[in-house]
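Here's the structure, in structure tokens; my notes come after.
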Amino acid sequence: MPKGNASNAELASIFATMSQLLELTGANRFKVNAYSRGARVIESRTEDLVALALEEGAKKKLTAIDGIGQGIAEAIIEFATSEDIAEHDELLSRVPAGLMQVLDIPGLGPKTVRAMWQEMGVEGIADLKRIIDDGSIKELPRMGAKTIENIKEAMEFQARSGGRTPLGIAMPLAEAVQEELRAVKGVKQLQFAGSLRRGRETIGDLDFLACTTKPDDLREAFCTMEGVEKVLARGETKSSVRLKRDGLLIQADLRIVPASSFGAALMYFTGSKEHNVRLRERALKHDLTLNEYGLFPEDDEDTPPQSRGVKAVASKDEEAIYSALDLEFVPPELREDDPVEGLAATGAGLIDVSDIKAELHAHTTASDGRMSIEELAGAAKVRGFHTIAVTDHSVSSAIAGGLDPDRLRAHIDAVHEADGRVKGISILAGSEVDIKPDGSLDYDDDLLAALDIVVASPHSSLAQDPKAATKRLVSAIEHPLVHILGHPTGRLLPKRAGLSPDMSKLFEAAAGSDTALEINAHWKRLDLRDAHVRGALEAECLIAIDCDVHSEGHFDNLRYGILTGRRGGLTPASCINTWGKAKLHKWLKSKR
DNA sequence: GCCGTTTTCGGCCCGACTGTTTTCAGTCG
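If you read the first sequence in my numbering, its first letter stands for residue 88, the second for the next number, and so on.
Put into structure tokens, the structure is as follows:
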């Protein structure tokens, strides 16, 4: 892909890499942190920063972004103009590429990996295996038998586990563990935290937090529950295990805290790390100090306040801690970075699963769905929806049994017939129409106009270059008969990146043509993704959250779409699926 | 490298746990 079209994601990955390379060269750790934060900030922006870097006054615009200063701004501009960052190239030439994989092994940090490289000539996983096998690894400082054994196991774990786990896989597992542990005698409170509670699209490990009157029993239950392969740590308050269930291999941590500290601990364990750092910095400015036991007066003593019996200003619940820091409560989904940014989005109240009243993207046996029209309507009714849209695939999606025009006309009649017969829910005749690579749609306008609702989605040519993808999607968005742009980038987690259009152009087009952008709630898609939702809302776009239902269970993916929406700051008013029947149907008809 | 309701210099969150140590370094979140 030409670098002139590089997306923010690619730029972010360069800075993330630079941060790790710097770590391995033993650079200043604050610079390492700054690059790593810069990478996260870049990835979360929806405006095209490479394009921005070529504009008048670029440096000023870039440094206006929190986390981007002179240095990173100049590097972005350098990248935009010369298609290269000299420091990046220089680091790549100094540090062997394979060392990054060694750094990825759990338990191995920059200090150890650097020593392996400098002292033993390790340049990758194969070299590490070699010095373990021939025993020469023992020459490194602090490298005893136990540590070597742990490294071997961690390497095996890394090779067997597929990296981060999709939200939709991790959530049911965490809920099952949560239920089991809540049943242990003495447990007063127990809940999962971490990136799962924040609703991130992928999860690194499972974090559980508990209050109990019998800590020994809970610790024992945790370390011996079904699927525990290895106990990694078993301390007074913190235990870690490697868990294997349903073919999934994942690390799980349990932290036991006193009830009086539950809020502070939940906050700490929910993260993000960056959010915690921001809060702790903010606390210091208020002459307070924040840790997982509570918010305490800062007294410049060396030992932790809770160990000296100092009374906390706040600790029992999260709300009290935010409040004592002069902040509105920040919902977990908005805790990726600075709490102040979350503040603006929370005022009106984020969307919730119970707000959703319609499913507008569903397939039947007419194409690749498992349910008939009636079964689909019945399942939607059970969920309290007032409207279900039948949107089977169009002719180009041949593998999915896409309908040719004649079949679609017959299908429209069948849907309308069912709508007349089934009481208690409106059944709309629609289509998920393929957006062809040139931006044209799969049916002619006469046929599209006969549909109650049109969801236009890209399914093919998903490696198209960004400029062509932007043109393609904008053209579909601006088509007067299209209501919703379905899964806009076509990505599939974790492997398929999908299209990388200039999202800000999509947002502009969608806001201008009153077309809604879909958050596809399937956990393999979550497309729009969180950062895109935020950008779309800033551009005042309408959002649709749909489950892309193929079978009844798919309705249950709604919560993942909701979490993604919340991470983008979505409120009910901006989401068409929350509207009452009259308002929604009026909006749909406005495009007919 | 980033940042500033004292600061454009001098800071940069805080604690648990492990393993290898006779008092602590490294990693993690």
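Where a beta carbon is used, it is the ideal one built from N, C-alpha and C, also for glycine. All of these numbers come straight from a predicted model, not from anything done at the bench.
Residue from T451, G526, F295, V364 whose Cα sits closest to the Cα of S562
G526
Where the alpha helix (DSSP H) containing D521 begins and where it ends
First-last for D521: 513-521, but that is the beta strand (DSSP E), not the alpha helix (DSSP H).
Taking C-beta to C-beta, are H175 and I129 nearer than 8 Å?
no
Taking buried to mean at least 16 other C-beta atoms within 10 Å of its own C-beta, is I486 buried or exposed?
exposed
Taking all protein chains shown into account, decide if V440 is buried (16 or more other Cβ within 10 angstroms of its Cβ) or exposed.
exposed
Quick one: grab the DSSP three-state call for E639.
helix
Distance between P197 and T234 (C-alpha atoms, nearest Å)
16 Å
How is the beta strand (DSSP E) around G507 delimited, first residue to last?
That residue, G507, is in no beta strand (DSSP E); its alpha helix (DSSP H) goes 492-508.
How many angstroms separate the CA atom of K90 from the CA atom of D171?
At K90 the pLDDT is 37, less than 50, meaning the model places this residue with poor confidence; the figure from the coordinates comes in the next sentence. K90 and D171: Cα-Cα distance of roughly 9 Å.
Length-filtered (4 minimum) alpha helix (DSSP H) runs lying within the stretch 384-428
405-411
Whole-Å CB distance - I218 paired with M207, under 8 Å assumed:
5 Å
Which one of Q265, A270, L535 has the shortest CA to CA distance from F295?
Q265
Output the distance between the C-alpha atoms of A241 and G194, rounded to the nearest integer angstrom.
7 Å
On the three-state DSSP scale, how would you describe K673?
helix
Report the three-state DSSP secondary structure of V209 (helix, strand or coil).
coil
N-terminal and C-terminal residue of the beta strand (DSSP E) that E316 is part of
315-321
In three-state terms, what does DSSP make of I663?
helix
Helix, strand or coil at A339 [DSSP, three-state]:
strand
For F309, the first and last residue of its enclosing beta strand (DSSP E):
Not the beta strand (DSSP E): F309 falls in the alpha helix (DSSP H), residues 302-311.
F349, DSSP secondary structure in three states:
helix
With 16 other Cβ atoms within 10 Å as the buried cut-off, status of E142:
exposed
By the DSSP assignment, the beta strand (DSSP E) with S327 in it spans what residues?
325-332
In three-state DSSP terms, what is A584?
coil
For a test of the three-state rule: what should DSSP assign to E446, helix, strand or coil?
strand
Spatially closest choice to I512 from P228, V620, V502, by CA coordinates:
V502
Could you tell me if G667 is buried or exposed, where buried requires 16 or more neighbouring beta carbons within 10 angstroms of its beta carbon?
exposed
Taking C-alpha atoms, which residue in D340, L305, H574 lies nearest to L319?
D340
So, A352 versus R367, is the Cβ gap smaller than 8 Å?
no
Let me confirm a value: G429 is counted as buried when at least 16 other C-beta atoms fall within 10 Å, else exposed. Which label applies?
Here the model assigns G429 a pLDDT of 48, short of 50, so the residue's position is not dependable and the matter cannot be decided.
Using DSSP bridges, identify the partner residues of T299.
V274
Using only the alpha-carbon positions, how far apart do R457 and A476 sit?
15 Å
My output table needs one value for S544: the three-state DSSP class, helix, strand or coil.
strand
Buried versus exposed, by CB contacts within 10 Å (16 or more), N115
exposed
Ordered along the chain, which non-local residues of its own chain (more than five positions away) have a Cβ less than 6 Å from that of G255?
W610, Y647
Using a Cβ distance threshold of 8 Å, determine whether the stretch 547-562 contacts the stretch 609-624, with at least three qualifying pairs required.
no
Alpha carbon of A660 to alpha carbon of S348, nearest angstrom:
36 Å
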